[in-house]
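Q:
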Amino acid sequence: MMSIHKLHIFAKNRDAIATQKGYAFQQLKTIEDWIQNRIANSDDVIYCDYEDDIFARDLKQGTSKFTQVKLYSTDFSFLSDSIKKAIGHFFMLYVKGDYAFDKMEFNFETNASIVKRVVKDNDADLLQEWSDNQGKISEELLGNIRTRVKKILDEYIDEMFEELKDKQEAKSDIQQARIVYNELKDGDFDAFIHCIKWQFDGLETNIAVQQIVSRIEGLISNIPLPLDESRNQIHIALLVKEVYERSIQDNPEDRKLSSDLLDSVLLNAGGTEEQWYAETLQQFKSGNIVEFFFLGEFQAAINGARYCRWNMEDDGHETFWLDLLKHYIGLPDIPLPYKRKAIYEFLFLKIGHNPLEEREESAIAGDIDLVKFYIDQWEHRNNLHDIEDDITLLQLLQAQVLGFSLALPDIDVAEWQNTIEKFLDEQIQKETNVDIKCELLELRGHLAHQSNIHNPVESFKASFDFYRKIIPLLGEARFYSLGKLYGQMKAMIKMLTLYGIDDGLIEMVDQFMKEIQDYAERTGQRHRAAHDLVERGAIHLEHLDVSNYLRALELFHRAKELWRLEYTKEGYILSLLNIAQVYNSLGMSYASKYYALVALWSTWHFSDPALYKRLPQSLVLICDCDYSHGAWMNALEDFNQYLMTKREFDEKGFDMGNDEMYQRSIFNIVKIFHAIPIIHPELLPYLDLLKKKWGVIWEEQIEPAVQHMNEQIKGTDSFKKILARDIRDVPLNDVGAKRIINFNSLNLDWNIEFNNDETMTAIGEEFVSFLQVALCEIARINNKLLVADQTIKISVKEGHFQKENPSINSWVITIPKFDSKVENEIQTHYVYIGALIKSILQPASNLSKEEFNKFYFDQLLKKEDFDKKALAGAAYQRIFRNSIGNLSSETPNRTSFGSLPENTLTMVYPHYLI
22 MMSIHKLHIF AKNRDAIATQ KGYAFQQLKT IEDWIQNRIA NSDDVIYCDY
72 EDDIFARDLK QGTSKFTQVK LYSTDFSFLS DSIKKAIGHF FMLYVKGDYA
122 FDKMEFNFET NASIVKRVVK DNDADLLQEW SDNQGKISEE LLGNIRTRVK
172 KILDEYIDEM FEELKDKQEA KSDIQQARIV YNELKDGDFD AFIHCIKWQF
222 DGLETNIAVQ QIVSRIEGLI SNIPLPLDES RNQIHIALLV KEVYERSIQD
272 NPEDRKLSSD LLDSVLLNAG GTEEQWYAET LQQFKSGNIV EFFFLGEFQA
322 AINGARYCRW NMEDDGHETF WLDLLKHYIG LPDIPLPYKR KAIYEFLFLK
372 IGHNPLEERE ESAIAGDIDL VKFYIDQWEH RNNLHDIEDD ITLLQLLQAQ
422 VLGFSLALPD IDVAEWQNTI EKFLDEQIQK ETNVDIKCEL LELRGHLAHQ
472 SNIHNPVESF KASFDFYRKI IPLLGEARFY SLGKLYGQMK AMIKMLTLYG
522 IDDGLIEMVD QFMKEIQDYA ERTGQRHRAA HDLVERGAIH LEHLDVSNYL
572 RALELFHRAK ELWRLEYTKE GYILSLLNIA QVYNSLGMSY ASKYYALVAL
622 WSTWHFSDPA LYKRLPQSLV LICDCDYSHG AWMNALEDFN QYLMTKREFD
672 EKGFDMGNDE MYQRSIFNIV KIFHAIPIIH PELLPYLDLL KKKWGVIWEE
722 QIEPAVQHMN EQIKGTDSFK KILARDIRDV PLNDVGAKRI INFNSLNLDW
772 NIEFNNDETM TAIGEEFVSF LQVALCEIAR INNKLLVADQ TIKISVKEGH
822 FQKENPSINS WVITIPKFDS KVENEIQTHY VYIGALIKSI LQPASNLSKE
872 EFNKFYFDQL LKKEDFDKKA LAGAAYQRIF RNSIGNLSSE TPNRTSFGSL
922 PENTLTMVYP HYLI
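Numbering (our numbering), first residue to last: 22 to 935.
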């Protein structure tokens, strides 16, 4: 038996790729096995059309299962060609050395039956007896089966010997194999026979197909994933497609059907959340385990674990997320607030993943050290909302102590509750910001809600003492939203009704909901209205013309104001990014840059790690604005900060393959590196600094593309054609002692000049952004208001607000350096800038001074809310200086390039808003 594997030379080539892919029944049977493995949480990996129709192997258990699936309209006997081929093929797999140490099983499954009539040499009765007695074959029956099987194998070996005997290169192996076969004992054949299983369903072909489809539909409903059962037909179609595509792969490893693959296919057929979860799960399963803390990837892990906790019903994914969270908890460089966040999700996932599961001890009995660490470090948090996690964990711990007598040595849960209570009470007393005070009262109500686990009714009642204190403050609140609390009240009503708990509590909750309903519904209405506005705006953007883009811009501005709530802060940030992109599409780079800056600023100051993924998105838009307007020194600095935030905050880490914004930015940087040696070779030492700083990004991403562009594009004329597609101003206009911003809109040339230093860059760009927002509003309302074919020159200086008009269409204005965060002071500052803009635009219009003033105040300000569009939060100067304005110590001061020769790359620039 030591050389039995030599018999495998007689195996027929059964590579069924070309012939089996059309067999729908086999594919459906493969899907059925695949789903059953997933539901059982099996370690089997299924291969489709490799070794056999279906091959399932469990390396941990050391088992290999080979299955042939036949859809036939005729019945079977030992004379059936399919039976004889199946036995021959099963035997060749049995003797193959690859599976010598596995427990093997061979299955023949068919819709048909065994023939009822026994005729000469068909031995149908023997096949029926074998099928009926699988697992309990008598010695007599075994002997009869052995005789028949050996006859089939003898014929098979003889046939293959004749087929292979003329192959000289294998002649020796063939002879040896024949000898080995002839020397096999009865026990060898008996062991093989015991591995074979028969399944004859006795169904007509159409019925067999219908039944397996019905079984698959039922199985899909039992998969522990959040799937929409109404889409089961779509799920089956997607699984059939996946099996087909896998079955025709040349590499056997590419024919695998794993549980992870099944989850991915089905989740990606769902909504946005399911697709996100599938992508995130794959991201962590296929990537290297992180050894350093990066907030973006960490937040993705937190969100994935949370999704699993709320939506998954089995422990297959739970184990994966628990292991990943434990890994993060152990990272040496993880900041304390995020370590606590990981511990919270770890403990909650263990306790709350399957709360109805029967168990004898607490799920966290072995994690008391983590509980203690979490409580000891409770003051380390990212924001106020993290206290809600503390309150939730406090409730979970109390339930574990009550339900499982969980021992918490050296941990005083009651004392921790008192500490949280004292902190919230002190903060409520001293807080002057109404929005924050409402949040504190809501948290205090949540804490009271679970203050007495032995008497939950009294705890519920106690919470309303704090919730009710929110109502008188709502009139003054600007960003606080009752939406979340209202939703919790609705859930509470359902729970109280379901469990029959009343004692006056249902009436109390109902009365409170009536009192806050108008406020809560107002939030919901604002949210829905904002969504509607965005959807309408998106339709306008499909038309690709100025008037439709301006209509979309107006709709996005309105959505932005509706979303400016704590409850909808992500919608607010997305609306800012949308507005930035529309302004950029309209050629108004600095209006676009301002909104991208506001998105960057708002994201950071919301202090919500779940939103930090928007930081690199904001920076890539800022970089794009600076590039397109020729401010290439700024663009290079923007790109440097973008790389840092992408690594730190992007949920996908530094994955660049499917990031369109990253690829576009890289292409812009490549064009800059190609152009600088042509335009200003004096700047090459500065580029060398960037190359060192960017390291592998330069070597692998940028340098090869620069070399390719250098080879393909020769001379300035060819390069000017490329730049003309996306450049709006003189390249490298932010180098030297003076900065000049040029653009054309409404058929007017605008020329704004200021000193090229940090202070004046912030002031000058602030003025231009305000001007461009105003020009977009004028273009939308009346694009003939300004007289065409004029050149307006504006010199911007630092100082108290003043203006001079030394000649027609020539202005000298002064704007102070500004860095206040006081809202009234910001509004006053922007009112003065608006006054300067009004003074400059009026002489360029076809209106008298009185008519233009009326247009400015009645139309732009009162009717169109121009002031809210020009000022979206913080002032441009403050954001610029405190986010992207501070140059790296390695970056030379741009004014040191003041002696550079004049840029000779003259170009024709596009006209906008016409």
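The beta-carbon is built from N, C-alpha and C at its ideal position, and this holds for glycine as well. Since we're looking at a predicted model, the values are computed, not measured.
1) For residue 518 and residue 339, I'd like the C-alpha separation in whole angstroms.
2) Please report the residue range of the alpha helix (DSSP H) in which residue 131 lies.
3) Find the nearest neighbour of residue 367 within the set 358, 349, 379 and 264, judged by alpha-carbon distance.
4) Name the residue from 501, 298, 757 and 197 whose alpha carbon lies nearest to the alpha carbon of residue 583.
5) Residue 829 to residue 567, Cα distance in whole Å?
6) Using only CA atoms, which one of 604, 402 and 395 lies nearest to residue 434?
7) Starting from the N-terminal side, write out each stretch of the alpha helix (DSSP H) that is 4 residues or longer and does not extend beyond the region 828-892.
8) Among 185, 236, 254 and 124, whose alpha-carbon lies nearest the alpha-carbon of residue 213?
9) Just to confirm, is the Cβ distance from residue 195 to residue 205 under 8 Å?
10) Quick check: is the beta carbon of residue 703 nearer than 8 Å to any beta carbon in chain B?
11) Whose C-alpha, out of 559, 491, 573 and 398, is nearest the C-alpha of residue 533?
12) Of the residues 647, 289, 603 and 51, which one's Cα is nearest the Cα of residue 234?
13) Are the beta-carbon atoms belonging to residue 598 and residue 638 less than 8 Å from one another?
14) Would you say residue 150 and residue 90 are within 8 Å of each other, going by their C-beta atoms?
15) Do residue 97 and residue 158 count as a contact pair if the criterion is CB distance below 8 Å?
16) How far does the alpha helix (DSSP H) with residue 90 in it extend, from its first residue to its last?
17) Need the endpoints of the beta strand (DSSP E) that residue 68 sits in, please.
18) What's the C-alpha gap between residue 178 and residue 217?
19) Grab me the residues of residue 561's own chain with a C-beta within less than 8 Å of its C-beta, minus the 5 sequence neighbours each way, in chain order.
20) Take the Cβ of residue 754 as the centre, count every other Cβ of all protein chains shown within 10 Å, and call the residue buried at 16 or more, exposed below.
21) With respect to the beta strand (DSSP E) encompassing residue 764, which residues constitute its N-terminal and C-terminal limits?
22) By DSSP's criteria, residue 817 is part of a beta bridge. Which residues make up the other side?
23) Output the distance between the C-alpha atoms of residue 632 and residue 440, rounded to the nearest integer angstrom.
24) Can you tell me which of 219, 182, 873 and 222 puts its alpha carbon nearest to the alpha carbon of residue 203?
25) When burial is assigned at 16 or more other CB atoms within 10 Å of the CB, is residue 823 buried or exposed?
26) Count the other C-beta atoms from every protein chain shown that fall within 10 angstroms of the C-beta of residue 658, then say buried if there are 16 or more, exposed otherwise.
27) With respect to the alpha helix (DSSP H) encompassing residue 369, which residues constitute its N-terminal and C-terminal limits?
28) How is the beta strand (DSSP E) around residue 770 delimited, first residue to last?
29) Using DSSP's beta-bridge definition, name the partner residues of residue 811.
30) Let me confirm a value: residue 783 is counted as buried when at least 16 other C-beta atoms fall within 10 Å, else exposed. Which label applies?
31) Quick one: what's got a C-beta closer than 8 Å to residue 691's C-beta in the same chain, skipping five residues either side?
32) Considering just the uninterrupted stretch of the beta strand (DSSP E) at residue 315, what are its terminal residues?
33) On the DSSP bridge list, what partners appear for residue 78?
34) Should residue 933 be labelled buried (16 or more other beta-carbon atoms within 10 Å of its own) or exposed?
35) Helix, strand or coil for residue 197? Go by DSSP, reduced to three states.
36) For residue 660 and residue 646, which I take to be in contact (beta-carbon distance under 8 Å), what is that distance rounded to the nearest angstrom?
A: Let me lay it out:
1) The residue you call residue 518 lines up with position 497 of the sequence shown. The residue you call residue 339 lines up with position 318 of the sequence shown. Spanning the two alpha carbons is a distance of roughly 31 Å.
2) As a first step, residue 131 must be located in the sequence shown, where it is residue number 110. It is not in any alpha helix (DSSP H) - residue 131 instead sits in the beta strand (DSSP E) that spans 124-131.
3) Here residue 367 refers to the residue found at position 346 when the sequence shown is read from its first residue. When only C-alpha atoms are compared, the closest one is 349.
4) Working through the sequence shown from its first residue, we reach residue 583 at position 562. Considering only alpha carbons, the answer is 501.
5) For the purposes of this step, residue 829 is taken as residue 808 along the sequence shown, with counting starting at 1. For the purposes of this step, residue 567 is taken as residue 546 along the sequence shown, with counting starting at 1. Using only the alpha carbons, I get a separation of about 29 Å.
6) The residue labelled residue 434 in the question sits at position 413 within the sequence shown. Per the Cα distances, 395.
7) Taken in chain order, the unbroken stretches of alpha helix (DSSP H) that lie wholly in the region 828-892 and span 4 residues or more are 844-865, 870-875 and 887-891.
8) Position 192 of the sequence shown, counted from the start, is the residue given in the question as residue 213. Measuring from the Cα of residue 213, the nearest candidate turns out to be 124.
9) Translated into the one-based positions of the sequence shown, residue 195 becomes position 174. Translated into the one-based positions of the sequence shown, residue 205 becomes position 184. No, the Cβ-Cβ distance between residue 195 and residue 205 is not below 8 Å.
10) Note that chain B does not occur in the displayed structure, where there is just one protein chain.
11) Here the question's residue 533 lines up with position 512 in the sequence shown. The residue with the shortest Cα to Cα distance from residue 533 is 491.
12) Your numbering for residue 234 matches position 213 in the sequence shown. Of the listed residues, the one whose Cα sits closest to residue 234 is 51.
13) For the purposes of this step, residue 598 is identified with residue 577 of the sequence shown, where counting begins at 1. For the purposes of this step, residue 638 is identified with residue 617 of the sequence shown, where counting begins at 1. In this structure, residue 638 lies closer than 8 Å to residue 598 by Cβ.
14) Along the sequence shown, read from residue 1 onward, the residue named residue 150 stands at position 129. Along the sequence shown, read from residue 1 onward, the residue named residue 90 stands at position 69. No, the Cβ-Cβ distance between residue 150 and residue 90 is not below 8 Å.
15) Position 137 of the sequence shown, counting from 1, holds the residue named residue 158. Position 76 of the sequence shown, counting from 1, holds the residue named residue 97. No; because the gap between Cβ atoms is not below 8 Å, this pair is not in contact.
16) Residue 90 sits at position 69 when you count from the first residue of the sequence shown. Run containing residue 90: none in the alpha helix (DSSP H); it sits in the beta strand (DSSP E), 84-91.
17) Within the sequence shown, residue 68 is the residue found at index 47, counting from 1. From DSSP, the beta strand (DSSP E) with residue 68 extends over 66-71.
18) As a working note, residue 178 is residue 157 in the sequence shown. As a working note, residue 217 is residue 196 in the sequence shown. When rounded, the distance between both Cα atoms is 19 Å.
19) Your numbering for residue 561 matches position 540 in the sequence shown. Apart from the 5 residues on each side of it in sequence, residue 561 sits with its Cβ closer than 8 Å to the Cβ of 569, 570, 572, 573 and 576 in its chain, given in chain order.
20) Position 733 of the sequence shown, counted from the start, is the residue given in the question as residue 754. Buried.
21) Within the sequence shown, residue 764 is the residue found at index 743, counting from 1. Note, residue 764: beta strand (DSSP E), 759-766.
22) Locating residue 817 in the sequence shown gives position 796, counting from the first residue. According to DSSP, which records beta bridges pairwise, residue 817 is partnered with 834.
23) Here the question's residue 632 lines up with position 611 in the sequence shown. Here the question's residue 440 lines up with position 419 in the sequence shown. So the two alpha carbons sit approximately 29 Å from each other.
24) The residue you call residue 203 lines up with position 182 of the sequence shown. Answer by Cα proximity: 182.
25) Position 802 of the sequence shown, counted from the first residue, corresponds to residue 823. Residue 823 is exposed by the Cβ-count criterion.
26) For this step, residue 658 is matched to residue 637 along the sequence shown. Per the 10 Å Cβ criterion, buried.
27) Working through the sequence shown from its first residue, we reach residue 369 at position 348. Bounds of the alpha helix (DSSP H) holding residue 369 are 357-373.
28) Numbered from 1 along the sequence shown, position 749 holds the residue referred to as residue 770. That run of the beta strand (DSSP E) goes 769-776.
29) On the sequence shown, residue 811 is found 790 positions in, with the first residue counted as 1. According to DSSP, residue 811 bridges with 769.
30) As a working note, residue 783 is residue 762 in the sequence shown. The residue is buried, with at least 16 neighbouring Cβ atoms inside 10 Å.
31) On the sequence shown, position 670 is the one that residue 691 refers to. Taken in chain order, the residues that qualify are 723, 726, 727 and 730.
32) Numbered from its first residue, the sequence shown carries residue 315 at position 294. Taken as a continuous stretch (DSSP letters only), residue 315 belongs to no beta strand (DSSP E), as it is neither H nor E.
33) Translated into positions along the sequence shown, residue 78 becomes position 57. Answer is 66 and 85, bridged to residue 78.
34) The residue labelled residue 933 in the question sits at position 912 within the sequence shown. So residue 933 ends up on the buried side.
35) The residue you call residue 197 lines up with position 176 of the sequence shown. The answer is helix: DSSP assigns residue 197 an H, G or I state.
36) The residue given as residue 660 occupies position 639 in the sequence shown. The residue given as residue 646 occupies position 625 in the sequence shown. Between residue 646 and residue 660 the Cβ distance is about 12 Å, and since that is not below 8 Å, they are no contact.
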